[in-house]
Amino acid sequence: MAAAPGRRRPLRAPLFLGVALFLGVAVAVDRSNFKTCEQSGFCRRQRSLQPGRSPYRALLESFQLGADSARLQLVNEVTKVPLLLELWGLQGNMTRIRIKELNPLRPRFEVPDVLVAEPPAERLEVSGREEGSLELALGPAGHRLLLTEKPFRMDLLQGRELLCSVNARGLLVFEHLRRRRDSFSDKVSSSVGSLWERIKSLFHRDPPTEPPAEEGAAAEGQEEAAAAADDAGDPSEKPTETPADTADEPGSWEETFKTHTDSKPNGPTSVGLDFSLPGFEHVYGIPEHADNLRLRTTEGGDPYRLYNLDVFQYELYNPMALYGSVPLLWAHSARRSLAIFWLNAAETWVDISSNTAGKTLFGKLLDYMQGGGETPQTDVRWMSESGIIDVFLLLGPSPQAVARQYGTLTGTQALPPLFSLGYHQSRWNYQDEADVAAVEQGFSEHALPCDVIWLDIEHADGKRYFTWDPTKFPQPRAMLESLAARKRKMVSIVDPHIKVDSGFRVHTELRDRGFYVKTKDGGDYEGWCWPGSAAYPDFTNPEVRDWWASMFAYDRYEGSTENLFTWNDMNEPSVFSGPEVTMHKDAIHHGGWEHRDLHNLYGLYVHMATAEGQIRRSGGKSRPFVLSRAFFAGSQRYGAVWTGDNSAEWGHLRISIPMCLSFALAGLSFCGADVGGFFKNPDVELLVRWYQAGALQPFFRAHAHLDTARREPWLFGEDTAALVGAALRLRYALLPYWYTAFYRSHRSGLPVMRPLWMEFPEDPSTFAVDDQYLIDQALLAHPVTEPGARGVQVLLPGQGEVWFDVTSYQKHVAPQTLYVPVTMSSIPLFQRGGTVVPRQDRPRRSTECMHGDPFTLYVALSPQGTAEGELFLDDGHSFGYAAGRFLHRRFRFAGGSLTASSADPRGSFSTRSWLERVVILGAGKPASVLLRPANGSESQLEFQHDAERSVLALRKPGVGIGDDWAIVLR
Ligand code: NOJ
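Numbering (our numbering), first residue to last: 2 to 971.
1) Could you please give the first and the last residue of the uninterrupted beta strand (DSSP E) stretch that includes residue 973?
2) Quick check on residue 476: buried or exposed, where buried means 16 or more other Cβ atoms within 10 Å of its Cβ?
3) With burial defined as no fewer than 16 other Cβ atoms inside 10 Å of the residue's Cβ, what is the status of residue 118: buried or exposed?
4) Take residue 653 and list the residues in its own chain whose beta-carbon comes closer than 8 Å to its own, dropping the five residues that flank it on each side.
5) Please tell me whether residue 790 and residue 802 are closer than 8 Å, where the distance is taken between their beta carbons.
6) For a quick check, are the C-beta atoms of residue 580 and residue 498 less than 8 Å apart?
7) May I ask which residues mark the beginning and end of the beta strand (DSSP E) holding residue 548?
8) Mind checking which residues open and close the beta strand (DSSP E) that includes residue 820?
9) From this set, 651, 735, 666 and 935, which residue's C-alpha is nearest residue 683's C-alpha?
10) According to DSSP, what are the bridge partners of residue 569?
11) Leaving out five residues on either side along the sequence, give the residues of the same chain with a beta carbon under 7 Å from the beta carbon of residue 412.
12) Taking 7 Å as the limit between beta carbons, can you name the residues of its chain near residue 52, skipping five residues before and five after?
13) When you compare only the Cα positions, how much space is there between residue 551 and residue 621?
14) Look at the alpha carbon of residue 781 and the alpha carbon of residue 697, and state the distance between them as a whole number of angstroms.
15) Counting C-beta neighbours from all protein chains within 10 Å, is the total for residue 747 16 or more, i.e. buried, or is it exposed?
16) Is residue 660 near the ligand NOJ, judged by its Cβ being under 7 Å from some heavy atom?
17) DSSP three-state call for residue 332: helix, strand or coil?
18) Sort out for me which residues DSSP pairs residue 127 with in a bridge.
19) With respect to the alpha helix (DSSP H) encompassing residue 443, which residues constitute its N-terminal and C-terminal limits?
20) Measuring only the C-alpha atoms, how far is residue 941 from residue 452?
21) What number of angstroms, rounded off, separates the C-alpha of residue 774 from the C-alpha of residue 744?
22) According to the neighbour-count rule (16 or more other Cβ atoms, all chains shown, within 10 Å of its Cβ), is residue 862 buried or exposed?
23) I need the boundaries of the beta strand (DSSP E) containing residue 972, first residue and last residue.
24) To which residues of the same chain is residue 963 closer than 6 Å at the C-beta, ignoring the five residues directly before and after it?
25) Counting along the chain, where does the alpha helix (DSSP H) carrying residue 730 start and finish?
26) Is residue 630 near the ligand NOJ, judged by its Cβ being under 7 Å from some heavy atom?
27) Could you give the DSSP three-state label for residue 405: helix, strand or coil?
28) Report the residue from 700, 271 and 165 whose alpha carbon sits nearest the alpha carbon of residue 110.
29) Confirm, please, whether the CB-CB distance from residue 102 to residue 178 is below 8 Å.
30) For the alpha helix (DSSP H) containing residue 513, name the first residue and the last one.
31) CA-CA distance, residue 916 and residue 928?
32) List the whole-angstrom C-beta distance separating residue 973 from residue 566, where the pair is believed to meet the contact cut-off of C-beta under 8 Å.
33) Is residue 607 near residue 344, with beta carbons less than 8 Å apart?
34) Count the other CB atoms, across all protein chains shown, that sit within 10 Å of the CB of residue 406; report buried if there are 16 or more and exposed otherwise.
35) Just to confirm, are residue 576 and residue 531 a CB contact at a threshold of 8 Å?
36) To the nearest angstrom, how far is the alpha carbon of residue 877 from that of residue 441?
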């Protein structure tokens, strides 16, 4: 949460909010704290350019084909500044396009540490050349890239199908680096003084006096402008000294927002490019926004903004920036999926337009029947404040392929320690050690499973992270040991703002080593945050990350033990006293880069360094658990993320689904939302529904603001505790499935929580669904998110498929929209016919207590009488799995037999877990059931058959869960 505008005393925040909450005052985001596109200089400049008048020409004569890439120059015919375009056809059906300045005045920022490796490239070939165009063949999938000289444009085709056009609308923008005008004004003739005005009148919308120019006139005008530029010298020879095309635009060399002035020593540096996607009507991704899963067109409003910000009381259904950013946009149609990955860490805006927006289905149908109607098309335009253009086109063609492609670029979800998939109990704050003990005991007494208790900022001594409040938490080690004895863990918060206090060792070390982010004038950058005056370690510096990681050693983080894990909050970074509640853009990082260049990376680096610290403290053996609020592309490699400060409102419960789904599409599978809502007090109904929904989301943590009423589940009476308990037990019973899903995601890059269209890509009825989703492939969840609900409408997709209600075992034929009546205990969840879901049904206190428990297999038969599923098993906490200490089992049902075999022979792991039960859904009654273990023996199994529901339950097969065996129905 952020401080109210202009308020310099963060300690008042709870007070203010407490009063507001008490009075029931509706508190909502103060939009005036955050920029609109119009208030963001580069966004305004770029957005005012008119499409169709690109000044860029590709110099085909400069084309060079290297071993695995091609390069050529582009030139802005107005400024004459040359750019270098590089192209790669990457293995696995991806294309990379990079555009930089050919001779920049200074280096421009290129995003490091996000790609896991330089992606291997395919050989490129020139497959055609004509006057004014050139065609490249891009590897084995038959993709071709058609390069047009003037105006510069690229069309990516597969066969005759156009997949994507780049700069088709002529919105390529590259504000080249330049010297400030007054420093070389003696060189610049007055004839160029009004250059910007003239260019503007050519390229900008709504010229003040003249009507829009005709194409020819525009071209003429461009020549004039180019001539004017030429008059100023020979800019193509000395591009860096060219007078700016945008240099005189207000806000180019200094920009003021509210009370903050951004000094912009490098002047205007933005980049932008447009992509046209014929055949696509649905686009997704680019988290984080509190919006529908399917992105909207942004015409007439602001573009979606990607700029990691601490937004106090965020609003729903708008494109404002939030805590994290992943510049990955998906496009999906019934024919194919693709994605655009815009690798830029500066403030970024994304405009989306579509030629079908606003048309009703009927309208589209009418177009179609009249034999016409345009091909649907979505146009996407990216605008970033600095850096270079570095874009990956992930060409699918299936949604699974796109997810894999993104995983090969930025890495896959880290395999979480098993405990972290259990339930987390948090609030701001558990008061002291006695409070922690009482909460722990409450869970035990009410037989509610819980793995982790969390401590927020009040646990530290005066918000000095890595310390403990000596009065409230005098014996942290003993507290942690007593939790460990109950097989539970703890998470403490460690924020990246460090109290400026010469008596605080963490601060003095950072200061003395010069490890803080610097101001533009070279001093340590200081801002206001929870501890009061705070400085910010420069996590972009590998030495600083190394130092930070070392702080998690047991002897440096005193009182910490191996069951203590970490929460990184406020890492956008949040600076209460800064512009838009974050760091000044002209602050300076390692290597001399401005904060502007890498803002969206800061949170990722904090997360990275903390995860590294946890690995290191274990001597490299244990997997870390770190929750982060800010994120960027690649953050999935370091742990979990959540949706920040939501509110105890039904709308916030509902939006947790599309928000986590869009995180998932961007590789961030380990996502959750504060269960119960952070601000305000949920009523019992909302709280129960939130637990039920949270139990089916990847990261499952209840959390609440300091000023909210306590809400441990038993405080609402026995009935509520029982309802919450049932949701928790469902979560724990399904943990083997969740854990296996995370392992699969870790290996493949496919998300754990999936939009329906990922599994049913050809079914347009799934494309805009965001109140239900799949967990991996087998389970379909539709939590109740409406107050007073008596039923939910569940879309069961899949022609010729069947779904089984997980609670009643009732079978439903798909496709259909099923009305499911609900009571307060209902958690609508369906298992897809054709799948096997492993469960551990014995209720326990925590995941650690489930170790060695037996398994039940739920086999849901397809209409063809088949099913398949997997189980991943290891010690749950170490990296041993990477060295082969794991079991990956496959279960298959076909021809009346269920068989267990290894899904991956590289793994072995010994376990005492065994198979307790098999429940086969959709099965007829057999005459007998035989168990055939691998040792060749054979025995009869007892069974029960429920003819009405076609459920066959096999009692105690008793085989080891890691053994090969067959169960034969006769
Ligand atoms: C903001 C976080 O989003 C919230 O979860 C936390 O409780 C407060 N900061 C205090 O640390």
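Beta carbons are placed, not taken as given, at the ideal position from N, Cα and C, and that holds for glycine.
Model, not experiment: these values are computed from the prediction.
Looking at the coordinates:
1) Residue 973 cannot be examined here, being either before or after the span of the chain that is shown, 2 to 971.
2) exposed
3) exposed
4) 317, 647, 674 and 678
5) no
6) no
7) Run containing residue 548: none in the beta strand (DSSP E); it sits in the alpha helix (DSSP H), 543-551.
8) 817-822
9) 651
10) 629
11) 117, 635, 637 and 638
12) 170, 171 and 172
13) 13 Å
14) 10 Å
15) buried
16) no
17) strand
18) 137
19) 434-446
20) 39 Å
21) 19 Å
22) buried
23) For residue 972 there is no data in the structure shown, the boundaries of the chain being 2 and 971.
24) 888 and 912
25) 719-734
26) yes
27) helix
28) 271
29) yes
30) 506-513
31) 22 Å
32) Outside the displayed range of the chain (2 to 971) lies residue 973, so it cannot be described from this structure.
33) no
34) buried
35) no
36) 22 Å
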